[in-house]
């Protein structure tokens with residue numbers, strides 16, 4: 290059996306049961322050398338599966354990184370230049386005293402900004418002047434630049450603004466003229482004009498906690514703006530497979546994207562777990578691409594994408610050029626671990642990924658402690674407390690009323706709260722604690738925005754294991 294056939298079989302085993310439960314529709318394609326060899330679809334689609342356009346969310350970052358590298362090759366941008374110097378507007382960074390993060394740091398996810406997915410995923414349409422004001426007011430960093438992996442959309446939004454300023458045209462036009470048009474990616478673009486676009490959904494209000502009664506609510510599309518560089522593209526299985534072929538080097542696109550440039554994108558820039566140089570199992574971030582290495586020396590390259598209404602995963606094994614693109618039209622469906630498990634199955638990967646290194650010593654932000662302390666009190670009563678503690682994205686992702694109804698059901702499951710555990714922190718912007726009852730415990734986790742005056746961007750309350 291060929292490696293493409295093995296991967297297609299593994300995709301069927303691992304992903305068929307998800308449709309209708311985690312998303313209304315799914316398209317998955319297996320490719321070799323950038324050409325689709327098999328496409329399977331489930332659910333209602335507006336056109337043929339291979340031509341149906343989904344939002345690819347953070348898979349857009351590979352296009353953003355490529356444009357930055359192209360401008361460097363043109364002599365218009367130095368990736369070692371500090372962000373504050375490269376920007377056309379003032380940037381104020383509040384955080385650990387260290388060197389200023391560079392363009393390369395932002396592309397390699399080591400600028401030191403906090404993880405910001407829920408907040409940033411709602412910022413695509415942010416006007417450029419409002420983004421400039423945000424940067425001037427100040428953004429928070431949690432680690433010294435260059436020292437540690439921390440996934441940051443803000444960093445890519447900043448790079449996108451720099452790319453536009455240095456190229457002298459809107460960011461989307463840079464991507465279109467330098468990549469989409471010359472590569473023939475006609476089903477890829479920043480708005481619905483690409484055609485064949487599928488509607489995105491989130492779980493409906495009456496879905497409850499039983500997958501058999503799952504319902505779906507359609508979500509509107511965000512329009513292009515200051516945060517389009519982090520995740521604004523729509524694409525199809527045909528186009529995204531071809532783009533993966535370009536990035537793997539299987540498709541000779543030297544006139545558009547020189548081989549040395551894509552090799553640099555695939556190079557492990559920032560370790561996440563394990564040691565890319567030492568063999569064994571490891572993971573790292575390149576430039577707009579994620580990397581996983583196994584004990585056989587194989588490297589799996591790609592990216593995941595999550596946006597309101599959409600989840601995407603692209604991945605290939607670099608040695609063979611065999612890979613998959615998978616799209617689902619629902620919010621944050623945990624597709625990435627499912628696809629990674631499929632690849633492990635198909636390629637016989639059995640070694641577990643080592644744990645990420647412990648962070649350096651830090652103190653939580655006072656705002657993090659204050660928000661967590663207030664929530665430790667209000668959650669016990671089945672309430673989220675003061676709405677002013679939260680960024681607008683929290684209510685947009687799951688309305689407050691629905692969150693509080695779910696919270697009350699969880700509190701009933703554990704028999705009420707008799708004890709609140711201490712706060713623990715994975716970073717200055719993060720807090721976790723438990724609410725314990727006679728029949729179990731709830732795990733609570735919050736994450737703060739990167740603003741100068743941060744607020745809660747994410748709150749999870751789930752049954753503890």
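Residue numbers (this note's numbering): 290 to 754. Where is the CB? At the ideal position from N, CA and C, for every residue including glycine.
- Item | Cα-Cα separation, residue 513 to residue 739 | 21 Å
- Message: Within 10 Å of its beta-carbon, does residue 646 have 16 or more other beta-carbons around it, so buried, or fewer, so exposed?
- Response: exposed
- Query: In angstroms, rounded to a whole number, what distance separates the CA positions of residue 340 and residue 454?
  - Reply: Taking the straight line from one Cα to the other gives about 33 Å.
- So who's on the other strand from residue 604, going by DSSP bridges? 591 and 613
- Query: What is the residue span of the beta strand (DSSP E) that residue 734 lies within?
  - Reply: 729 to 737
- Item | Residue of 312, 396, 411 and 368 minimising C-alpha distance to residue 511 | Checking every option, the nearest Cα to that of residue 511 belongs to 411.
- Query: Does the pairing of the region 646 to 660 with the region 700 to 708 give three or more beta-carbon distances under 8 Å?
  - Reply: no
- Item | Test item: CB-CB of residue 582 and residue 490 under 8 Å | Not a contact, by the Cβ cut-off of 8 Å.
- Sorted by chain position, which residues of the same chain lie with C-beta nearer than 8 Å to residue 565's C-beta, five sequence neighbours on each side aside? Within its own chain, the residues whose Cβ lies closer than 8 Å to the Cβ of residue 565, once the five positions on either side in sequence are excluded, are 557, 571, 573, 580 and 582, listed in chain order.
- State the CB to CB distance for the pair residue 540 and residue 323, rounded to an integer number of angstroms; the pair is presumed to be in contact (CB under 8 Å). 4 Å
- Message: Restricting to Cα atoms, I'd like to know which of 679, 701 and 307 is closest to residue 737.
- Response: 679
- Cα-Cα separation, residue 552 to residue 420: 32 Å
- Item | For residue 534, the nearest candidate out of 338, 613, 310 and 714 (CA to CA) | 613
- Query: Where DSSP assigns a beta bridge to residue 556, which residues make up the other side?
  - Reply: The beta-bridge partner set that DSSP reports for residue 556 is empty.
- Do the CB positions of residue 440 and residue 488 come within less than 8 Å of each other? no
- Item | Through-space distance from residue 729 to residue 471, alpha-carbon basis | Straight-line Cα distance between these residues: approximately 58 Å.
- Message: Going by DSSP in three states, residue 632 sits in which element: helix, strand or coil?
- Response: Correct three-state label for residue 632: helix.
- Task: With DSSP as the reference, label residue 289 as helix, strand or coil.
- Result: What is shown of the chain runs 290 to 754, which leaves residue 289 out entirely.
- Message: Residues in the same chain with beta-carbon distance under 7 Å from residue 384, minus the five sequence neighbours each way, listed in chain order, please.
- Response: Around residue 384: 401, 429, 430 and 431.
- Message: Buried or exposed for residue 718, going by 16 or more other Cβ atoms inside 10 Å?
- Response: buried
- Where residue 722 falls: helix, strand or coil (DSSP): strand
- Which stretch, first to last residue, makes up the alpha helix (DSSP H) that contains residue 537? 526 to 537
- Item | Cβ neighbours of residue 668 in the same chain (closer than 7 Å, five flanking residues each side left out) | So the list reads 696, 724, 733 and 750, once near-sequence residues are dropped.
- Rounded C-alpha distance that separates residue 355 from residue 731: 43 Å
- How far does the alpha helix (DSSP H) with residue 689 in it reach, from first residue to last? 689 to 702
- Return the CA-CA distance between residue 328 and residue 639, expressed in angstroms with no decimal places. Spanning the alpha carbons of residue 328 and residue 639 requires a straight line of approximately 27 Å.
- Item | Range covered by the alpha helix (DSSP H) that runs through residue 292 | 292 to 304
- Query: Is the CB-CB distance between residue 442 and residue 382 below 8 Å?
  - Reply: Their beta carbons are not under 8 Å apart, which means residue 442 does not touch residue 382 by this criterion.
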